[in-house]
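Asker:
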Amino acid sequence: MASISLSNLSKRWGKVYGARNINLDIADREFIVFLGPSGCGKTTTMRMIAGLEDPSEGEIRIGDRVVNKLEPKDRDVAMVFQSYGLYPNLTVYENIRFPLKVRKVDETTHDERVRRAAAMVELGDLLDRLPRELSGGQRQRVALARAVVREPTVFLMDEPLSNLDAKLRVSTRAQLKNLQHELQVTTIYVTHDQIEAMTLADRVVVMESGEIQQVTLGFRAEDAQVSGTLNQSNAEILAPVYSMELLGDATMVSVRVGEAMVSVKADKDYRIGIGEPIGLEVAAAICHLFDKNTGERLSLD
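Numbering-wise, the numbering used here comes out as the position in the sequence shown, counting from 1, plus 163.
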């Protein structure tokens, strides 16, 4: 496996920056998520790591190698796309096997490796089917198996669950987390979905306008208590509701606090109108402080 280090990494087209001065160290076997809205630079950063984009400045190190000048095939990374990227004329078996053929891996090992990868994502009974005969979730699992079969040092996943319905996303998230734990492969995952980020990641890298945003104070969504519609006299934080998402087992409420957007997790039956003020209570004991220069968590001891 391998650690990843990004040093002063930037990508620009003329005067427009897709990513600007990215500095990040990713530990060996870590599952890290790049989280942010469309256009924030998360996919551009991933594509530079993969070798699909050339950096304008900076250095990319995978393990003990600087890989800036290496072709994608020589970086020992496997990428899973939102659009699956399957060959429509090949069976599931041949789609999974394809990377082994391209890399000229010993053919006597192909069958065992393909079947082992297929079993990991529960595709053992579907190896003879063509992609058009599969559901969206099954196609995405084929793409995952094709990445697994290579046994790379790094997994790169670019919004792989975006095309799936809500129920499939939940089950596939769990499968992804289990797979990464089992394989112990350093993984970078790109998403705009906060729930995906919080449920999958060892660490979340929040990006905006091509930059990593430094956090000075943070708390998890489930640690904030929604106190209903309050006034200035009895609310710790008073903020207007920006949006409300009904998740089935909970309601996720997004509010504006100053210039920041904060998400809090409320009971599944909680309802409130957009724009209405709500009060939030956050215990000091569960607030986390970070050094805005180093990104390291600070201890108050």
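Even glycine gets a Cβ: it sits at the ideal position worked out from N, Cα and C.
None of the values given here were measured: they were computed from a predicted structure.
To the nearest angstrom, how far is it from the Cα of Met361 to the Cα of Leu331?
Answerer: Computed Cα separation, rounded: 17 angstroms.
Asker: Over what stretch of residues does the alpha helix (DSSP H) that includes Asn341 continue unbroken?
Answerer: Segment Ala329 to Leu346, the alpha helix (DSSP H) holding Asn341.
Asker: Measuring alpha carbon to alpha carbon, tell me which of Val255, Asp227 and Pro235 ends up nearest Ser298.
Answerer: Selected option, being the one with the closest Cα: Val255.
Asker: Leaving out five residues on either side along the sequence, give the residues of the same chain with a beta carbon under 7 angstroms from the beta carbon of Asp412.
Answerer: Cβ neighbours of Asp412 beyond the five flanking positions: Lys431.
Asker: Please classify Tyr250 as buried or exposed, where buried requires at least 16 neighbouring CB atoms within 10 angstroms.
Answerer: Exposed, since its Cβ has fewer than 16 Cβ neighbours within 10 Å.
Asker: Check Asn258 in the structure and name its three-state DSSP category.
Answerer: It is helical.
Asker: Counting only the same chain and skipping the five closest in sequence on each side, list residues whose C-beta sits under 8 angstroms from that of Met337.
Answerer: Residue identity differs from the one stated: residue 337 is Ala in this sequence, not Met. Result list for Ala337: empty, nothing under 8 angstroms.
Asker: Enumerate in chain order the residues of its own chain whose CB-to-CB distance from Phe244 is below 6 angstroms, with the five nearest sequence positions on each side excluded.
Answerer: Within the same chain, Phe244 has close Cβ partners Asp321.
Asker: Measure the beta-carbon distance from Ser170 to Asn186 and round it to whole angstroms, keeping in mind my assumption that it falls under 8 angstroms.
Answerer: Sure, about 6 angstroms apart at Cβ, within 8 angstroms.
Asker: In whole angstroms, what is the alpha-carbon distance linking Glu359 and Arg183?
Answerer: Rounded to the nearest angstrom, the two C-alpha atoms are 25 angstroms apart.
Asker: Of the residues Lys174, Val284 and Gln347, which one's Cα is nearest the Cα of Ala190?
Answerer: Comparing Cα positions, the closest option is Gln347.
Asker: In angstroms, rounded to a whole number, what distance separates the CA positions of Arg210 and Asn252?
Answerer: Their backbone Cα atoms lie some 27 angstroms apart in a straight line.
Asker: Taking C-alpha atoms, which residue in Gly287, Pro235 and Val404 lies nearest to Ile259?
Answerer: Out of Gly287, Pro235 and Val404, Gly287 has the C-alpha closest to the C-alpha of Ile259.
Asker: Could you tell me if Val284 is buried or exposed, where buried requires 16 or more neighbouring beta carbons within 10 angstroms of its beta carbon?
Answerer: Looking at its Cβ environment, which holds 16 or more other Cβ atoms inside 10 Å, Val284 is buried.
Asker: Between which two residues does the alpha helix (DSSP H) harbouring Arg302 extend?
Answerer: First-last of the alpha helix (DSSP H) with Arg302: Gly299 to Val311.
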